[in-house]
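Q: Our numbering applies: residue 280 is where the sequence shown begins, and numbers increase by one.
The beta-carbon is built from N, C-alpha and C at its ideal position, and this holds for glycine as well.
None of these values were measured; they are calculated from a predicted model.
The structure under discussion is supplied below as C-alpha cells; questions concerning it will follow.
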Amino acid sequence: MVNKRIDIKKSAEGTEISIKAYFDEVKQKMFFAWIVLWTLSGLLIFSQFFLNYTQKEKVFFIVWMAFWMYFEFKALQTYRWRKLGKERIEISKKEITITRNIANRGIPAAFKLSGCKNFRLYKKEEKGMFTEVMSSSYWVIGGETIAFDYYGSLVSFALNISEADALLLVGILKHDAKKFLQLSEQKEL
C-alpha cells in the first residue's frame, strides 16, 4: 500500500512519482510561532543598529544580521515546503528528473538514465549520525530515503517516507529505469 502522500502515474512515455511534503498541523503551528518570534527578535536587534554605537559594535550587528537573515530565509523556505512542497521524480526514455517544488516552482535536476546505478534505500551509515538527526527533523528540508549512484556521486531524494514505501519506489525505479534504458538502446539500433 502506497502512502496517501505518494502518487504514481505510468504511461508509455514514462513514469511520474509525486511525493507531497510531510505535514503535521501541530508542528506547523509551533514552527509558525517560532518564525514569528525569530522575525521579531531580528527586527528588534536591527532597530538597535541605528543608535549611537562604535564601529566594532556596528560590525557585530552586521554579522549578526547576516546570520539572522540566513536562518530567517531557511525557516521560511522550510515552512513553505511543509505547507506547499511536492517532490517529483520523472523517469523517461533518456533521463530521470528530480524536482523539489514549492507552490509548483522548483529547479529540476536531470540525470542521464545510463549513468543511474544502484537504486537503494538511503542508509544511515551513508549520512552520519549528526546529519541523520538533523535531516530527519521537521524543522529542515531533509530526510531522504532513496539514493542512487550517478557517475561517482550519490543522489538522494524521496523525503520523509516510510521504509515500506521507499522499498516499493525503489522497485518501481529499478524496473522502469531498466525498461526505458532497454527501449532507448533498441531505438539506437
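Using the Cα positions of Gln327 and Lys337, report the straight-line distance between them to the nearest angstrom.
A: Residue mapping note: residue 327 aligns to position 48 of the sequence shown, counting from 1. Residue mapping note: residue 337 aligns to position 58 of the sequence shown, counting from 1. Straight-line Cα distance between these residues: approximately 9 Å.
Q: Tell me whether Phe398 is buried or exposed, calling it buried when 16 or more other Cβ atoms sit within 10 Å of its Cβ.
A: Counting from 1 along the sequence shown, the entry for residue 398 is found at position 119. So Phe398 ends up on the buried side.
Q: Just to confirm, are Ile285 and Ile381 a CB contact at a threshold of 8 Å?
A: The residue given as residue 285 occupies position 6 in the sequence shown. The residue given as residue 381 occupies position 102 in the sequence shown. Not in contact: Ile285 and Ile381 (Cβ atoms no closer than 8 Å).
Q: For Lys288, collect the residues of the same chain with a Cβ closer than 6 Å to its Cβ; drop the 5 residues on either side in sequence, then sort them by chain order.
A: Working through the sequence shown from its first residue, we reach residue 288 at position 9. Within the same chain, Lys288 has close Cβ partners Glu295.
Q: Would you kindly check if the distance between the Cβ of Ile324 and the Cβ of Phe340 is under 8 Å?
A: Counting from one through the sequence shown, the residue named residue 340 turns up at place 61. Counting from one through the sequence shown, the residue named residue 324 turns up at place 45. Against a cut-off of 8 Å, the Cβ pair of Ile324 and Phe340 comes out as a contact.
Q: Tell me which residue opens and which closes the beta strand (DSSP E) that Val281 is part of.
A: Position 2 of the sequence shown, counting from 1, holds the residue named residue 281. Where Val281 is concerned, there is no enclosing beta strand (DSSP E), given that its DSSP letter is neither H nor E.
Q: Taking the Cβ atom as the reference point for each residue, do Tyr401 and Glu374 lie within a distance shorter than 8 Å?
A: Position 122 of the sequence shown, counted from the first residue, corresponds to residue 401. Position 95 of the sequence shown, counted from the first residue, corresponds to residue 374. No. Outside cutoff.
Q: Which of helix, strand or coil does DSSP assign to Thr424?
A: Translated into positions along the sequence shown, residue 424 becomes position 145. Shown here, Thr424 sits in a strand according to DSSP, grouped into three states.
Q: Taking 6 Å as the limit between beta carbons, can you name the residues of its chain near Ser415, skipping five residues before and five after?
A: Start at 1 with the first residue of the sequence shown, and residue 415 comes out as number 136. Excluding residues within five positions, the ones whose Cβ falls inside 6 Å are Gly422.
Q: Do Glu366 and Leu322 have their C-beta atoms closer together than 8 Å?
A: Sequence index remark: in the sequence shown, residue 366 carries index 87 (1-based). Sequence index remark: in the sequence shown, residue 322 carries index 43 (1-based). Annotated as distal: Glu366 and Leu322, with beta-carbon spacing of 8 Å or more.
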